[in-house]
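Scroll down for the structure; my scribbles are underneath it.
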Amino acid sequence: MPQIIILPHVEYCPEGTVIEAETGVSVCDALLTHGIAIEHACEKSCACTTCHVIVREGFDSLNEAEEKEEDLLDKAWGLEPNSRLSCQAIVDEADLTIEIPKYTINHAKEGH
Ligand code: FES
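Read in this note's numbering, the sequence shown has 440 at position 97, and its numbers run on one by one without any break.
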């Protein structure tokens, strides 16, 4: 089973953590299953950006982002070349290292 290393995030996992994911599930579902309550405001239908993650390792093992995802990512807070919407990124065989950005677009709007 591939492992996902989650880098420390103040709110979701202050110490960072490592979880085991099943091949074929989305990164978002893998996180939620393991108690990391990442936002997913559109219920994983590729219509928001709150599930944005940055894939520090293993990016190339993921399925390719579709155009709709790319368009949405352009609006995400803290966009990086290895950004993905976690509900659209499907875990393959490879281990991943994931960083959850400090803010989502919802926070940014609230002026934090
Ligand atoms: S939960 Fe909205 S795009 Fe992933």
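Note that CB positions come from ideal geometry on N, CA and C, so glycine has one too.
Here the structure is a predicted model, which means the values were calculated and not measured.
Item	Value
Alpha-carbon spacing of L439 relative to G401, whole angstroms	5 Å
Alpha carbon of Q346 to alpha carbon of K445, nearest angstrom	22 Å
Minimum C-alpha distance to E365 - residue among K411, A432 and E410	A432
Check: V382 C-beta below 8 Å from any heavy atom of ligand 1	The sequence as given places Glu at residue 382; Val does not occur at that position. Correct: E382 has its Cβ closer than 8 Å to ligand 1.
Spatial distance of V353 from D414 (CA atoms)	28 Å
Cα-Cα separation between T360 and K411, rounded to whole angstroms	30 Å
Reduced DSSP secondary structure (H/G/I, E/B, other) of C385	coil
Segments assigned beta strand (DSSP E), at least 3 residues, entirely inside the segment 360-425	360-363 and 395-400
Residue span of the beta strand (DSSP E) that contains T348, given as start and end	Reading off the sequence, residue 348 comes out as Ile, not Thr. Note, I348: beta strand (DSSP E), Q346 to I349.
Classification of S369 by the beta-carbon crowding that lies within 10 angstroms, buried from 16 upward	buried
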